[in-house]
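A.B. asks:
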Amino acid sequence: MEKGMKDHAALAEAFINDEERVDWHDGALWWIRQKRDIASKQIPEWEDLRETASRIKNNVLSNLHDYLLQFEANATLNGIKVHWAADAEEHNAIVYSILKDKDIKQMVKSKSMLTEECHLNEYLIERGVDVINSDLGEYIQQLDNEPPSHIVLPCIHKRKEEIGEIFHEHLGTEKGVSDPTTLTRFARRHLRDVFITRRAALTGVNFAVAETGEYVVCTNEGNADMGAHLSEVQIASMGIEKIIPQKAHLGVFLRLLARSATGQPITIYSSHFKKPREGQEMHLILVDLGRSRQLGRVDFRDSLKCIKCGACMNTCPVYRKSGGLSYHNTIAGPIGAILAPNLDMKKHADLPFASTLCGSCSNVCPVKINIHDQLYQWRQVIVREGYAANTKVLGMKAMAWTLSSPTSYSTLGKAGRWVLNNIPFAVNNKFNPWYKQRDMPDGPKESFDVWYAKNNGHDSEKD
Amino acid sequence: MTVGLFIPCYVNQFYPQAAIATLQLLRKVGVEVVYPSKQTCCGQPMANSGFEHLTQECNDLFLENFSRFDYIVAPSASCVLHVKQHLHSATDPAEADRIRSNVYELVEFLTDVLKVENLRARFPHKVGIHQSCHGLRGLYLAQMSELNTLPFSKPVHLLNMVEGLELVTLDRPDECCGFGGTFCVAEEAVSVKMGKDRVTDHTKNGAEYITSVDLSCLMHLEGILHRNKSAIKAVHIAEILNSTL
Ligand code: SF4
């Protein structure tokens, strides 16, 4: 962690202070998890679909280079201008140069976590280009000057009263109005003006098909389409892992995506973009931003299968209780915690530890990423690379030494002293985080080994 | 068949009654059990904290203690899972391999190996099961709600043999309690909130006892129950299964 930066535990604690909010946040996401359960259980072949999706992605990751080139060739034939960006800076510069060419100072952007990763909005605003996020949740987050806290539900941590306040302050709605329908209508009217007047629109990409050179954007609000259809310059930003080989594979992913994300049978708008209309310019930027490095990390490459459905966040009890912003990374939750250390291991050294390794994420994931195993693996890497706190290193070394020798263990172990002194959660005083809100077990009169020696001495070491 | 009894460090020190119940239960169903006295810990607290590289001596010691047994049984799903996944040996890899596939959590040993169908036990109380995540998703002791496949539960199968016992239905049958090893102190706020919410689920559905295959989860839940002066008690599943008629 960097000096002065709060880690996940501290940020989560601050979120948890408002217990009513946590209960509500937890309940809202659990409700979506249950919707996902119902939707997935209505499809008898659900587990086969997951397996198929996972295998398609295996193929993609093993042949990424070829599929990307195939996609580029086909997209170019279709009339899309394809760009390549190694990192955020390059990506942002490409977007800016496209806009500058046309002397465009205003852009509308639909949901794209990649551009959040690149901090595109800030970059453009610094250069005098105004950007408005058209996804309602992202729009609210933008008005409130906060990043999204969830990849599918960007402002799930905010209550409707707070959103009413934000609208009152920034859009001039009446004070105290918090009815979601009223607020949505107001936002829609406002965004309509934006769609009509903006000459450039940027969208994310959910899937890009190598064999046809087209790409698919999924939204529930139709906002990507509104922007794209009305603009004269259309830009799509896409992480290189979003490629799929064939159009036939889309059926697998579209069936999994919406059900996993929100429990819907399909996203309301799954729009295919293949070629520019008459008089329109269409650009697509293929962005690496750490992806090829992650591809080279054997234990973590599967994280690139992610289709960004958010199911692992909805199911993660740690995420639900601590809020997405506590992960201090664009992608929060379990998947974020395995993607982030690849980008900056030091800054994100805390995230793989922000989990109980309960394994719910891996089993809910529609592309079967072994998320919790990767969290375990990252912990090993982070410690090996020296990013664990020094006190922890010493404690663990002492523990290893004690446990390696039955004699030292049993000498120290009398009356539970070893455990009390060495298991960090077991010290009974007010400075210990265990004791703050939990009691210690009542110490037994004798430990099991002492009891056993007394009662079963005859067969304990009979051979 | 001789079974080596593996009693994890914190069970040994804090919950001897669960270890005793495990031993008695195994004997009751006719198994010869031996407790090798030189055992310490499986190394899981270190490994899960990222220090797996410091666990070799724990592994060696485990081999030393348990390599002579046909089966190794422990009243802790979490420690069993750790041994199953991470026990390695530089000197005797074949033996480490054998141990990894012969180490069992108590409930799975009773259902899968011994195929116990009768327990002659009685526990006339309302009981809520806390599914330990390592038992549920690691050892697959029951069907998890995430998967779309047929339901089953080994702990329920055994608890159904206990006279007078009534299982309560929880709102969230398989959510994590928030213990998570060193997570419980490193992320104290989240851990406690998770534990509190698990306790509430049991309370509001009328449980008098919370049981589990993992004492670590129970220690955490018990700590919260106790602090809040709750009348609900945490009890290891071995103690229920070993209760007398
Ligand atoms: S890791 Fe899996 S569950 Fe999580 S967002 Fe990605 S695809 Fe969805």
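Chains as they are written, first to last, in the UniProt record's numbering: chain A, 1 to 463; chain B, 1 to 245. We put the beta carbon where it would ideally sit given N, CA and C, even for glycine.
#1: Could you tell me how far apart the beta carbons of residue 63(B) and residue 99(B) are, in whole angstroms, since I believe they sit closer than 8 Å?
#2: Here's the rule: buried if 16 or more other CB atoms are within 10 angstroms of the residue's CB, otherwise exposed. What is residue 102(A)?
#3: What does DSSP give as the partner residues of residue 234(B) in its beta bridges?
#4: Output the distance between the C-alpha atoms of residue 445(A) and residue 437(A), rounded to the nearest integer angstrom.
#5: Using a C-beta cutoff of 8 Å, does residue 515(A) count as contacting chain B?
#6: Below 7 Å, is the gap between the Cβ of residue 335(A) and the nearest heavy atom of ligand 1?
#7: For chain A, check one thing: does any of its Cβ atoms lie closer than 8 Å to the Cβ of residue 149(B)?
#8: Are there any heavy atoms of ligand 3 lying less than 7 Å away from the beta-carbon of residue 133(B), as far as the coordinates show?
#9: Which residues of chain B have a Cβ atom closer than 9 Å to the Cβ of residue 306(A), listed in chain order?
#10: Is residue 452(A) close to chain B? Criterion is C-beta to C-beta, closer than 8 Å.
#11: Cβ of residue 242(B) less than 8 Å from any chain A Cβ?
#12: What's the C-alpha gap between residue 254(A) and residue 266(A)?
#13: Start and end of the alpha helix (DSSP H) containing residue 190(A)?
#14: Does the beta-carbon distance from residue 111(A) to residue 138(A) come in below 8 Å?
#15: Would residue 135(B) pass as an interface residue toward chain A - the criterion being a Cβ-Cβ separation below 8 Å?
#16: Taking the alpha carbon of residue 198(A) as the reference point, which residue from 107(A), 31(A), 206(A) and 175(A) has its own alpha carbon closest?
#17: For residue 55(B), which residues of its own chain have a beta-carbon under 8 Å away from its beta-carbon, when the five flanking residues on both sides are left out?
#18: Going straight from the alpha carbon of residue 153(B) to that of residue 118(A), what length do you get?
#19: Could you compute how far the alpha carbon of residue 240(A) sits from the alpha carbon of residue 215(A)?
#20: Quick check on residue 358(A) - is its C-beta less than 8 Å from some C-beta in chain B?
#21: Mapping DSSP to helix, strand and coil, what is residue 200(A)?
#22: Measure how close the beta-carbons of residue 205(B) and residue 168(B) come, nearest whole angstrom, since I'm counting them as under 8 Å.
#23: Count the CB pairs spanning the stretch 178 to 195 of chain B and the stretch 141 to 151 of chain B that are closer than 8 Å, and state whether there are at least three.
#24: Give the single residue among 129(A), 153(A), 273(A) and 251(A) whose Cα lies nearest to the Cα of residue 261(A).
#25: Using the beta-carbon count (16 or more within 10 Å), is residue 366(A) buried or exposed?
#26: Give the C-beta separation of residue 18(B) and residue 238(B) to the nearest angstrom, bearing in mind that I take them to be a contact with Cβ-Cβ under 8 Å.
#27: Does residue 192(B) come within less than 8 Å of chain A when only Cβ atoms are used?
#28: Would you kindly work out how many angstroms separate the C-alpha atoms of residue 96(B) and residue 384(A), rounded to a whole number?
#29: Give me, in chain order, the residues of the same chain whose beta-carbon lies closer than 6 Å to that of residue 125(B); leave out the 5 immediate sequence neighbours on both sides.
#30: Three or more C-beta pairs closer than 8 Å, one from the stretch 85 to 93 of chain A and one from the stretch 277 to 287 of chain A: is that the case here?
#31: For residue 272(A), count the other beta carbons within 10 Å of its own beta carbon; 16 or more makes it buried, fewer makes it exposed. Which is it?
#32: When you check each C-beta in the stretch 112 to 146 of chain B against every C-beta of chain A, which residues fall closer than 7 Å?
#33: Kindly indicate which three-state DSSP category residue 136(B) falls into: helix, strand or coil?
#34: Given a cut-off of 8 Å, decide if residue 360(A) and residue 222(B) are closer than it, judged by their beta-carbon atoms.
#35: If the cut is a Cβ gap below 7 Å, which residues of chain A does residue 164(B) touch?
#36: Taking the Cβ atom as the reference point for each residue, do residue 31(B) and residue 3(B) lie within a distance shorter than 8 Å?
C.D. replies: Per the coordinate set shown:
#1: 7 Å
#2: exposed
#3: For residue 234(B), which the question treats as bridged, DSSP gives the partners 210(B).
#4: 25 Å
#5: One cannot answer for residue 515(A) here, as it falls past the ends of chain A, which runs 1 to 463.
#6: Checking the Cβ of residue 335(A) against ligand 1 gives yes.
#7: With 8 Å as the cut-off, residue 149(B) counts as an interface residue toward chain A.
#8: With respect to ligand 3, the structure offers nothing, as its ligand set consists of ligand 1.
#9: Going along chain B, no residue has its Cβ under 9 Å from residue 306(A), so there is no contact; the nearest lies around 17 Å.
#10: So yes, residue 452(A) belongs to the interface.
#11: no
#12: 7 Å
#13: 180 to 197
#14: yes
#15: no
#16: 107(A)
#17: 43, 46, 47 and 86
#18: 46 Å
#19: When only Cα atoms are considered, residue 240(A) and residue 215(A) end up about 12 Å apart.
#20: yes
#21: In the three-state reduction of the DSSP assignment, residue 200(A) falls in the strand class.
#22: 5 Å
#23: no
#24: Among 129(A), 153(A), 273(A) and 251(A), the Cα nearest to that of residue 261(A) is on 153(A).
#25: buried
#26: 5 Å
#27: yes
#28: Distance between the alpha carbons of residue 96(B) and residue 384(A) is about 24 Å.
#29: 208 and 209, listed in sequence order.
#30: yes
#31: exposed
#32: 133, 137, 138, 144, 145 and 146
#33: helix
#34: no
#35: Near residue 164(B) there are no residues of chain A at all, since even the closest Cβ is about 26 Å away, more than 7 Å.
#36: yes
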